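*Asks:* There's a structure below that I have some questions on.
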Amino acid sequence: MNKFDRQSSSADIQALPDDIAEELSRLPSEVISVDDAPSLAPPAPLGQDEVRTIVISLMLTMFLAALDQTIVATALPTIGRQFQDVSNLSWVITAYLLASTAVAPVFGTLSDIYGRKAMIITSLSLFVTGSILCAIAPNMPMLILARGLQGLGGGGIMPVVQTVISDVVSPRERGQYQAYFSSVWMVGGILGPVIGGVFAEHLHWSMIFWINLPLTAAALALLLPKMKKIPVFHRKRKVDWLGGVLLMASAVVFMLVLTWGGTRYPWLSPTVLAMVGGAVALAVTFIWHARRADEPFLPLPLLGGSVVPFGLTAGGCALGAITGLTVQLPLYYESVYHLSASEAGLALIPLAAVSTCGAAIAGRTMARAKHYKRVAIVGTSWAALCGVGLTVTTLPLWGLLTLMAAFALGLGTTFPVCVVSIQNSVSRPQVGTITGALNFFRSLMSSFTVAAFAAILLIALGADVPLAGEHHVAGGIPAIPTEDMRHAFRYVFGAATALMTGAALCLIMMEERPLAGPTVTQQVEMAE
Numbered sequence: 002m003n004k005f006d007r008q009s010s011s012a013d014i015q016a017l018p019d020d021i022a023e024e025l026s027r028l029p030s031e032v033i034s035v036d037d038a039p040s041l042a043p044p045a046p047l048g049q050d051e052v053r054t055i056v057i058s059l060m061l062t063m064f065l066a067a068l069d070q071t072i073v074a075t076a077l078p079t080i081g082r083q084f085q086d087v088s089n090l091s092w093v094i095t096a097y098l099l100a101s102t103a104v105a106p107v108f109g110t111l112s113d114i115y116g117r118k119a120m121i122i123t124s125l126s127l128f129v130t131g132s133i134l135c136a137i138a139p140n141m142p143m144l145i146l147a148r149g150l151q152g153l154g155g156g157g158i159m160p161v162v163q164t165v166i167s168d169v170v171s172p173r174e175r176g177q178y179q180a181y182f183s184s185v186w187m188v189g190g191i192l193g194p195v196i197g198g199v200f201a202e203h204l205h206w207s208m209i210f211w212i213n214l215p216l217t218a219a220a221l222a223l224l225l226p227k228m229k230k231i232p233v234f235h236r237k238r239k240v241d242w243l244g245g246v247l248l249m250a251s252a253v254v255f256m257l258v259l260t261w262g263g264t265r266y267p268w269l270s271p272t273v274l275a276m277v278g279g280a281v282a283l284a285v286t287f288i289w290h291a292r293r294a295d296e297p298f299l300p301l302p303l304l305g306g307s308v309v310p311f312g313l314t315a316g317g318c319a320l321g322a323i324t325g326l327t328v329q330l331p332l333y334y335e336s337v338y339h340l341s342a343s344e345a346g347l348a349l350i351p352l353a354a355v356s357t358c359g360a361a362i363a364g365r366t367m368a369r370a371k372h373y374k375r376v377a378i379v380g381t382s383w384a385a386l387c388g389v390g391l392t393v394t395t396l397p398l399w400g401l402l403t404l405m406a407a408f409a410l411g412l413g414t415t416f417p418v419c420v421v422s423i424q425n426s427v428s429r430p431q432v433g434t435i436t437g438a439l440n441f442f443r444s445l446m447s448s449f450t451v452a453a454f455a456a457i458l459l460i461a462l463g464a465d466v467p468l469a470g471e472h473h474v475a476g477g478i479p480a481i482p483t484e485d486m487r488h489a490f491r492y493v494f495g496a497a498t499a500l501m502t503g504a505a506l507c508l509i510m511m512e513e514r515p516l517a518g519p520t521v522t523q524q525v526e527m528a529e
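All residue numbers for the sequence shown refer to this note's numbering, where the first residue is 2 and numbers rise by one.
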């Protein structure tokens with residue numbers, strides 16, 4: 002393959018169309034080749050109907066991943082009774098989360114090498130195969146293994162879907178579509194426990210897995226005919242499998258530490274400390290290998306610069322705050338406001354639903370405003386102020402829910418701004434890699450925050466009480482005075498406030514690069 006040298010690169014790039022030249026100019030000189038240039042030439046532009054069909058199919062695909070993270074929860078007691086195994090029930094959820102988190106960067110990088118179509122088919126095939134094996138599992142160990150396989154597919158769906166959107170929608174318009182996908186994720190998270198409970202009680206628990214087959218078939222039927230018209234930006238290169246394995250292994254061990262620490266083993270136990278050491282050793286080995294590999298699995302320079310590290314941190318802080326609160330708030334609602342389990346679940350809707358409204362506001366602002374990150378800076382700052390209010394005040398339930406909704410509104414503005422800014426900062430052949438890394442780090446941050454919030458509660462309460470949903474399995478909430486629980490949760494709200502403050506600071510420091518795409522006037526003309 003003939004490489005561009007510095008003298009020929011400028012002349013050759015100038016001879017290309019403007020949009021292709023812009024993409025090539027972003028690439029490092031060592032990865033641009035003459036053979037790569039034709040692959041960047043876009044096919045015939047997609048029409049609005051075709052874009053709409055692709056988006057609908059991708060939303061249905063993402064709904065699958067969102068649904069299967071929560072649909073199993075309410076069916077766990079039924080599954081445990083059938084298999085007469087309650088002690089390993091948590092692994093039905095843990096296996097999925099471990100696998101899906103570990104493979105997110107793998108699918109993102111492979112989509113940059115082998116293309117989006119190959120990876121979306123692969124991820125959905127693994128997901129469906131895992132679903133079938135879950136539905137017919139004869140015992141608990143087989144169900145756990147099948148959930149792990151299902152997680153491998155589910156973990157690939159999110160980064161590949163976000164990457165396909167980046168291929169068909171310009172950065173300026175992309176924020177609006179990211180808001181649509183945030184709403185899909187919210188709906189899937191809310192409907193999952195409801196659907197799982199209905200299936201387990203009135204049909205059979207295996208239906209929570211069989212339902213994935215028609216949904217996957219519908220998504221592929223809509224998407225595959227349009228894939229040939231999607232612009233191709235991937236670049237074939239050698240796959241650094243060793244780097245990918247090291248990264249996944251480090252993530253799995255770290256997730257196990259967060260899962261077992263403080264529950265199965267004390268945080269300072271030899272087992273947890275050994276696992277922490279193993280995770281650190283694997284991470285250091287991955288970094289050492291990435292610095293020496295010709296084409297590393299995850300190029301470390303990609304994580305530097307004036308956009309990516311700040312966008313990753315801001316997005317991770319925001320997602321960690323909302324995930325940590327979602328997991329711990331039911332305990333607060335039940336012990337302080339004496340709500341039932343179902344009522345506590347309904348009380349979470351303002352936090353989840355209103356955050357999508359914030360994402361929609363940010364997405365529309367990005368399509369119109371030159372300084373698009375200001376909406377996220379204002380939103381995260383507003384969320385931090387609301388967090389202060391949650392920390393220092395004692396409110397009736399309606400007041401708490403109102404302030405929580407205001408908190409979620411500001412928090413939601415972070416997601417589209419961070420995703421689009423990060424994707425906009427790299428060349429097109431690297432969008433899949435950076436999107437996979439984004440989902441990977443956000444998942445790790447979410448898991449870390451859930452564990453941190455639980456540890457904060459345990460320390461504040463000064464007692465070994467079940468947290469994060471374990472009290473439901475035990476059949477009731479621990480006998481802790483209401484005022485003690487209220488006081489302990491002030492530290493949790495304070496931690497969420499600190500996360501949103503950190504997100505606001507990162508957004509302030511993040512470089513705001515111009516977004517390519519049509520102006521508002523051009524969008525109106527195209528619609529007409």
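Backbone N, C-alpha and C define an ideal beta-carbon position, used for all residues, glycine too.
Keep in mind the model is a prediction, meaning the values are calculated, not measured.
Between which residues of its own chain and residue 338 is the CB-CB distance below 7 Å, once the five residues before and five after are set aside?
*Replies:* So the qualifying residues of the chain are 398.
*Asks:* Return the chain-ordered list of same chain residues with a C-beta closer than 7 Å to the C-beta of residue 354, the five sequence neighbours on each side being excluded.
*Replies:* 187.
*Asks:* Considering only C-alpha positions, which residue in the set 454, 403 and 428 is nearest to residue 113?
*Replies:* When each option's Cα is compared against that of residue 113, the closest is 428.
*Asks:* Report the residue from 251, 269, 245 and 273 whose alpha carbon sits nearest the alpha carbon of residue 258.
*Replies:* The shortest C-alpha separation from residue 258 is found at 273.
*Asks:* In this structure, how does DSSP classify residue 266 when only helix, strand and coil are distinguished?
*Replies:* Of the three classes helix, strand and coil, the one that applies to residue 266 here is strand, per DSSP.
*Asks:* Pull up the distance between the alpha-carbon of residue 445 and that of residue 435, whole angstroms please.
*Replies:* Cα to Cα, residue 445 sits roughly 15 Å from residue 435.
*Asks:* Using the Cα positions of residue 367 and residue 296, report the straight-line distance between them to the nearest angstrom.
*Replies:* For residue 367 and residue 296, the distance between alpha carbons rounds to 34 Å.
*Asks:* Straight-line CA distance for residue 167 to residue 185?
*Replies:* The straight-line gap from Cα to Cα measures roughly 18 Å.
*Asks:* Using CA atoms only, rank isn't needed, just tell me which of 372, 407 and 54 is closest to residue 389.
*Replies:* It is 407 whose Cα lies nearest to the Cα of residue 389.
*Asks:* My output table needs one value for residue 511: the three-state DSSP class, helix, strand or coil.
*Replies:* Looking at residue 511 - three-state DSSP - the assignment turns out to be coil, as it is neither helix nor strand.
*Asks:* Tell me which residue opens and which closes the alpha helix (DSSP H) that residue 429 is part of.
*Replies:* That residue, residue 429, is in no alpha helix (DSSP H); it is neither H nor E in DSSP.
*Asks:* Is residue 199 helix, strand or coil when you go by DSSP?
*Replies:* DSSP places residue 199 in helix when its eight states are reduced to three.
*Asks:* In terms of residues, what are the limits of the alpha helix (DSSP H) holding residue 206?
*Replies:* Here residue 206 belongs to no alpha helix (DSSP H), and DSSP marks it neither H nor E.
*Asks:* In the structure shown, what three-state DSSP assignment does residue 73 receive?
*Replies:* The answer is coil: DSSP assigns residue 73 none of H, G, I, E or B.
*Asks:* Check residue 27 in the structure and name its three-state DSSP category.
*Replies:* For residue 27, the predicted model reports a pLDDT of 48, less than 50, meaning its position is unreliable and no value from the coordinates is stated.
*Asks:* How many Å lie between residue 92 and residue 81 at the Cα?
*Replies:* Approximately 11 Å between the Cα atoms of the pair.
*Asks:* If we count Cβ pairs, one from each stretch, closer than 8 Å, do we get three or more for the segment 505-512 versus the segment 307-325?
*Replies:* Segments in contact, yes.
*Asks:* By Cβ distance, which residues of its chain are closer than 7 Å to residue 462, with the 5 residues on each side in sequence left out?
*Replies:* Result list for residue 462: 481, 485 and 489, in chain order.
*Asks:* Report the option in 260, 57, 105 and 85 whose CA atom is closest to the CA atom of residue 433.
*Replies:* For the residues 260, 57, 105 and 85, the minimum Cα distance to residue 433 belongs to 105.
*Asks:* Is residue 499 helix, strand or coil when you go by DSSP?
*Replies:* Of the three classes helix, strand and coil, the one that applies to residue 499 here is helix, per DSSP.
*Asks:* Which stretch, first to last residue, makes up the alpha helix (DSSP H) that contains residue 243?
*Replies:* Residues 242-261.
*Asks:* Compare the beta carbon distance of residue 391 and residue 494 with 8 Å and say whether it is the shorter of the two.
*Replies:* Contact: yes.
*Asks:* Residue 239: which of 115, 206 and 285 sits nearest, CA to CA?
*Replies:* Here the closest residue by C-alpha is 115.
*Asks:* Could you pull out every residue in the same chain whose Cβ sits closer than 6 Å to the Cβ of residue 90, ignoring the five residues on either side in sequence?
*Replies:* For residue 90, where only same-chain residues beyond five positions count, the Cβ hits under 6 Å are 77 and 81.
*Asks:* Rounded to a whole number of angstroms, what is the C-alpha to C-alpha distance between residue 249 and residue 255?
*Replies:* Near 10 Å, if we compare the C-alpha coordinates of residue 255 and residue 249.
*Asks:* Residue 516 by DSSP, collapsed to three states: which one?
*Replies:* Residue 516: coil per DSSP, three-state reduction.
*Asks:* With a threshold of 6 Å on Cβ separation, who are the neighbours of residue 536 within its own chain once the five nearest residues in sequence on each side are excluded?
*Replies:* Since the first residue shown for the chain is 2 and the last is 529, residue 536 is missing from the structure and cannot be characterised.
*Asks:* With DSSP collapsed to three states, give me the class of residue 175.
*Replies:* In the structure shown, residue 175 sits in a helix (DSSP, three-state: H, G or I).
*Asks:* Let me confirm a value: residue 512 is counted as buried when at least 16 other C-beta atoms fall within 10 Å, else exposed. Which label applies?
*Replies:* Residue 512 comes out exposed.
*Asks:* Which value, in whole angstroms, describes the spacing of the CA atoms of residue 458 and residue 285?
*Replies:* Between residue 458 and residue 285, the C-alpha separation is close to 32 Å.
*Asks:* At which residue ranges does the segment 114-153 contain complete alpha helix (DSSP H) runs of 4 or more residues, listed in the order of the chain?
*Replies:* Listed in chain order, they are 117-136.
*Asks:* Which two residues bound the contiguous alpha helix (DSSP H) that contains residue 320?
*Replies:* Unbroken alpha helix (DSSP H) run through residue 320: 309-337.
*Asks:* Classify residue 281: buried if its beta carbon has 16 or more other beta carbons within 10 angstroms, exposed otherwise.
*Replies:* So residue 281 ends up on the exposed side.
*Asks:* Buried or exposed, going by whether 16 or more other CB atoms sit within 10 Å of the CB of residue 393?
*Replies:* Label assigned to residue 393: exposed.
*Asks:* Considering only the alpha carbon of each residue, which of 418, 244 and 86 lies closest to residue 145?
*Replies:* Comparing Cα positions, the closest option is 86.
*Asks:* Count the other CB atoms within 10 Å of the CB of residue 204; is the residue buried (16 or more) or exposed (fewer)?
*Replies:* With fewer than 16 Cβ atoms within 10 Å of its Cβ, residue 204 is classed as exposed.
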